[in-house]
Amino acid sequence: MTGANTDPFARQPCVLLTGFDPFGGQPINPSWQAVQMLHGAAVSGHRIVAAQLPTVFGQSVQSLHGLLCQHRPTLVLCTGQAGGRGALSLERVAINVEDARIPDNAGAQPVDVPVQPDGPAAYFTTLPIKAMLAALLAEGLRAEVSQSAGTYVCNHVFYGLMHLLATDAQWRGVRGGMVHVPWLPQQGQPSMPADEIAQGLRIAIRTALTHRADIRLEAGALS
Ligand code: PCA
255 MTGANTDPFA RQPCVLLTGF DPFGGQPINP SWQAVQMLHG AAVSGHRIVA
305 AQLPTVFGQS VQSLHGLLCQ HRPTLVLCTG QAGGRGALSL ERVAINVEDA
355 RIPDNAGAQP VDVPVQPDGP AAYFTTLPIK AMLAALLAEG LRAEVSQSAG
405 TYVCNHVFYG LMHLLATDAQ WRGVRGGMVH VPWLPQQGQP SMPADEIAQG
455 LRIAIRTALT HRADIRLEAG ALS
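In terms of our numbering, the sequence shown is numbered consecutively and its last residue is 477.
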């Protein structure tokens, strides 16, 4: 007997973890380098499925939709490179705008257009970002809550993900979010090694799986 039904992992709930292909003239994308390291890993009873999205408006969300249908994850974490940031950035909000400073990998450069013409202005992540932040800092990793995922392909994918999860009943209860990661050391400074990024993503996922509601951090609790 062969096929997916005999796969011992087939019935195990899964987490979909995406990274992007390189863009903007860079030879590598740290998000993809890191998520690959977690492919197949078991975290809190879930199997991690890592997948690459193209840095292309439109196609990236179509690809993500296909992955949702194929793997039917209980949690989705999209990751992308944010050059210039020195910490793992837990994104709070996806906004309904595309405003590209550089063309995407297919040459498109939308300016001031909505991701979804009939969609709300923004979606909040449904992941417990404060609990994730506290766990990352407790393990000695650099992390922060970010109030903007930008207006390029990462925000487009984050918004597209949250719109799918919010509007299609088949994804009821599926939670989603986005983490921006720093450059790798060979790309410039500030940076974070790929294995450290992967370790942080594993902690972030474990915390998200074990916290349905977020925690409240008092002012100064983490400083
Ligand atoms: N970062 C880009 C898109 C792909 C990626 O890795 C962004 O922040 O929008």
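C-beta: ideal position from N, C-alpha, C; glycine also.
Which whole-angstrom value is the C-beta distance of Val303 and Leu271, which I expect to be below 8 Å? 7 Å
Helix, strand or coil at Cys398 according to DSSP, with G and I counted as helix: In the sequence as displayed, the identity of residue 398 is Glu instead of Cys. Three-state result, Glu398: strand.
Mark Gly414 as exposed unless 16 or more other C-beta atoms lie within 10 angstroms of its C-beta, in which case mark it buried. buried
Starting from Tyr413, trace the alpha helix (DSSP H) both ways and give me its first and last residue. Val407 to Thr421
What is the residue span of the alpha helix (DSSP H) that Thr461 lies within? Ala448 to Thr464
Report the CB separation of Cys268 from His300 in whole angstroms; it is logged as a contact under 8 Å. 6 Å
DSSP three-state call for Leu322: helix, strand or coil? helix
Close beta carbons around Ile469, own chain, < 8 Å, minus the five adjacent residues each side: Pro382, Lys384, Ala385 and Ala388
Return the first residue and the last residue of the beta strand (DSSP E) that Ser343 is part of. Leu342 to Glu345
Alpha helix (DSSP H) segment containing Ile302, residue limits: No alpha helix (DSSP H) holds Ile302; the beta strand (DSSP E) holding it covers His300 to Leu307.
Should Cys323 be counted as a contact of the ligand PCA given a C-beta to heavy atom distance under 6 Å? no
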